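Numbering (this note's numbering), first residue to last: 217 to 690.
Please read the structure below before turning to the comments.
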């Protein structure tokens, strides 16, 4: 049923601009790959990837201080570059002062310096060292989100060295625990009056261009909305006992049964004007059997064969419904004892407009075991849709079409979660406009052997410079 159409704005499908005045991606790459800017970007990228910034390690301040030193060395006044300690992590705030000739409020530029954990023994390559082959860079954070952090930082350095003076302030606001508690994000979004004055924010952590498996350019996406992020722990308690005397009830078995039920459950299909237009355009560009399913879903979201086809695509299932998945387990206390407790962590990404309480109620009904205890890890964050601005659309269009003339641009809803949810909730319109173009099926963020195409790295070098000059230049 159509529950979200009233809260998600009608998508804007943008027409192409003249290709005659634009550079091809090949030309951009050829100009930039050996430039000072390219070398500095790669240097920063490699350096920050080499610091393991997973939660609870206390290493994010090292990255924040390194980036701060790079900015100061490039000519930014020390008083405009702040490393803000927040518990074991840190945030980085760097203000690129403008001459205020536009009379406009600042623009925030978002990214996060932390990464999801990675076990070296599971990876084919060392996760906290930038390595490459002929096609890809590999490392944890190579996409999420040290790519964006490196590109934004090096762009500030480049523009400063070029003598660029913006007509309004530009402010980097990098968080330090986006992948866990978002405490630093909340500080930046809700407690800093100097950031609250921003007119809008651009986020490097989502959006970007989609390529097909054969390299065809499909679409460029501007993230204007996000699903609600919620995590529950499901726990079964049991008296336990000696392993030589098995009981008919067992905490692990009971939990396993609940997990199997969650695995088989599909939440109802949901849609909005934004998601239908996304599938209509993406399906036309993609073509084939999957593209046909997208088009059929766009025309009739109640077409079960279409929604079932999209449900098996990890890149697209989140755009069609709420999803809940078990991500962690812990149980037992000794190999020769019956488990006294067993706990599963269930992470849900809830379609906008659906209350978290409704999802919890559904999960309890699916599990069908009142003895299983549900604990919400932290309060969910629901954020509004950001109505796409014409000046942002035009600036991003200049950057995108310089690389891929003619590609269409769409606003979309993010299936995952980013810092943007808190800035939107704080009243700052936020648009995620990553500089990456790649096949969405090859985005291994949070997974094994995370990688980014080398070509995508170098093709992205002008992306932020173009955008910032368009929005804050003469």
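We treat Cβ as the ideally placed atom computed from N, Cα and C, and that holds for glycine.
Quantities reported herein were computed from a predicted structural model and do not represent experimental measurements.
Check your understanding: Quick one, which of 284, 472 and 662 has its alpha-carbon nearest residue 343's?
Key -> It is 662.
**Study point:** Cβ-based neighbour list, residue 475, same chain, cut-off 7 Å, excluding 5 preceding and 5 following
**Key:** 542 and 560
**Study point:** Sequence-distant residues of its chain with Cβ nearer than 7 Å to residue 470 (five each side left out)
**Key:** 452 and 585
Practice item. Tell me, please, whether the stretch 303-318 touches the stretch 376-384 by the rule of three or more beta-carbon pairs shorter than 8 Å. Key: Contact holds: three or more Cβ-Cβ distances are below 8 Å.
Review point. What span of residues does the alpha helix (DSSP H) with residue 609 cover, start to end?
Key: Element bounds for residue 609: 606-619.
**Study point:** Span of the beta strand (DSSP E) around residue 205
**Key:** Missing from the structure shown is residue 205; the chain here goes from 217 to 690 and no further.
Exercise for review: Classify residue 361 as buried or exposed, calling it buried when 16 or more other Cβ atoms lie within 10 Å of its own Cβ.
Suggested key: buried
Review point. When you compare each of 401, 296 and 335 to residue 639 by their alpha carbons, which one comes out closest?
Key: Comparing Cα positions, the closest option is 401.
Practice item. Could you tell me which residues DSSP pairs with residue 297 in its beta bridges? Key: 310
Review point. Does the stretch 325-333 touch the stretch 384-398, meaning 3 or more C-beta pairs lie closer than 8 Å?
Key: Taking one beta carbon from each stretch, the stretch 384-398 and the stretch 325-333 have 3 or more pairs nearer than 8 Å; the two touch.
Check your understanding: Relative to the alpha-carbon of residue 412, which residue among 681, 648, 690 and 644 has its alpha-carbon at the smallest distance?
Key -> 644
Exercise for review: Consult DSSP for residue 253 and reduce its assignment to one of helix, strand or coil.
Suggested key: helix
Review point. What three-state label does DSSP hand residue 453 in the structure shown?
Key: Three-state DSSP puts residue 453 in a strand.
Review point. Could you give the distance in angstroms between the alpha-carbon of residue 680 and the alpha-carbon of residue 615?
Key: C-alpha separation (whole angstroms): 8 Å.
Point to revise | Selection from 405, 549 and 500 that minimises the alpha carbon distance to residue 457 | key: When only C-alpha atoms are compared, the closest one is 549.
Exercise for review: Out of 558, 583, 284 and 628, point me to the one whose CA is closest to residue 477's CA.
Suggested key: 583
Check your understanding: Is residue 444 closer than 8 Å to residue 568 when the C-beta atoms are compared?
Key -> yes
**Study point:** chain C within 8 Å of residue 290, Cβ atoms only
**Key:** Structure shown: chain C not included; a single protein chain is present.
Exercise for review: Check residue 271 in the structure and name its three-state DSSP category.
Suggested key: coil
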